[in-house]
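See structure below.
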Amino acid sequence: MKDFVVRVKGVNKKFGNNVILKNINLNVKKGELLCIVGTNGSGKTTLLKSIIGFVEPEDGEIFYNSKNIKSIEKKVKSDFGFATQENAFYPKLTVEENMNYFGNLYGLKKDVLKVNIEKLLKLVDLYTAKDVLAENLSMGMERRLDIACSLIHNPKILILDEPTEDLDVTLRKSILILIKAINKRGTTVVMTSHLLSEIEDVFDRIAILNNKTIAKTGTLKEFRKTTRKKSLNDIFEVLTKHA
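Mapping the sequence shown onto the working numbering, position 165 (from 1) lands on 877, and the numbers just tick up by one.
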């Protein structure tokens, strides 16, 4: 239990009469790479927003380090970094100016911010583009800048909503390599995706979201053993067939 940095217990969420999440139970281990997979419209984004406190569920509880997410201080919430499907940066600012802006929002001291920017520019391979306006970046560079901005305050947990969406195969692979590098620095990463074939063997564990609830959570090795299927697409089909 103490190894779980985030625990989601019995969470239900609906908008009006539309049920989005139903009895969600999910644990996130400290330092792991966890991918929540599901089809478009399955509730993945709502689940992520619930975990970081942007959306309040009707029922259930969400804990961060054993404390209810609703009761933790704003300072503690800065332990989270969040990159949505929509870019958060400002097109008319340069790469470095955007990172400065987000660092100032978190109240980082000037010297700390300078060091963080330097490290992150190298990590996301944008150092040579630091003076380029964000509006002039390629789509892959935009995604890397967005991730860099979400990491500017050194969060302990990085939440990524479909970070490979709308990218070509080569760019998707580069983003997944970046995500693994971020995790190796000690950051817990929770990501969503519906591109099942491309996340195989990348993540420590996979949570399958289907029919508004978590159908199964485990490693790819465990899923292959229980379903006798090799590809994640086939595994997903088996585990959600009778759900």
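Glycine is no exception: its CB is placed at the ideal position from the N, C-alpha and C atoms.
A residue is called buried once 16 or more other Cβ atoms fall within 10 Å of its Cβ, and N923, having fewer, is exposed. A841 is not bridged by DSSP to any residue. Around the CB of F801, 16 or more other CB atoms lie within 10 Å, so the residue is classed as buried. The alpha-carbon of L944 is positioned some 45 Å away from that of D823. Nearest to Q797 by alpha-carbon distance, out of S862, K741 and E830, is S862.
L738 is bridged by DSSP to V720. For L745, the enclosing beta strand (DSSP E) stretches over residues L745 to V749. The three-state reading of DSSP puts D771 in strand, counting E and B together. For S754, no alpha helix (DSSP H) segment is defined, and its DSSP state is neither H nor E. In the three-state reduction of the DSSP assignment, V836 falls in the coil class, being assigned neither a helical nor a strand state. Boundaries of the beta strand (DSSP E) around V901: T900 to S905. The Cβ atoms of K831 and E808 lie no closer than 8 Å to each other. For the pair of segments examined, the stretch 758-767 was found to touch the stretch 720-729: the number of CB pairs separated by less than 8 Å reaches three. Annotation for I871: the continuous beta strand (DSSP E) segment containing it runs I869 to D873. Bridge pairing for I920: V749 and K928 [DSSP]. Around the C-beta of M811, 16 or more other C-beta atoms lie within 10 Å, and the residue is accordingly described as buried. Burial of R855 is indicated by the presence of at least 16 other C-beta atoms within 10 angstroms of its C-beta. Restricting attention to D878, N735 and T806, the CA atom closest to the CA of K928 is found in N735. Close CB contacts of D873 within its chain, under the 6 Å cut and outside five residues either way in sequence, are with T757, L760, T796, Q797 and T904 (chain order).
For L733, the pairing in a beta bridge is given by DSSP as K725. Put simply, the stretch 896-903 touches the stretch 734-751. At least three CB pairs are less than 8 Å apart.
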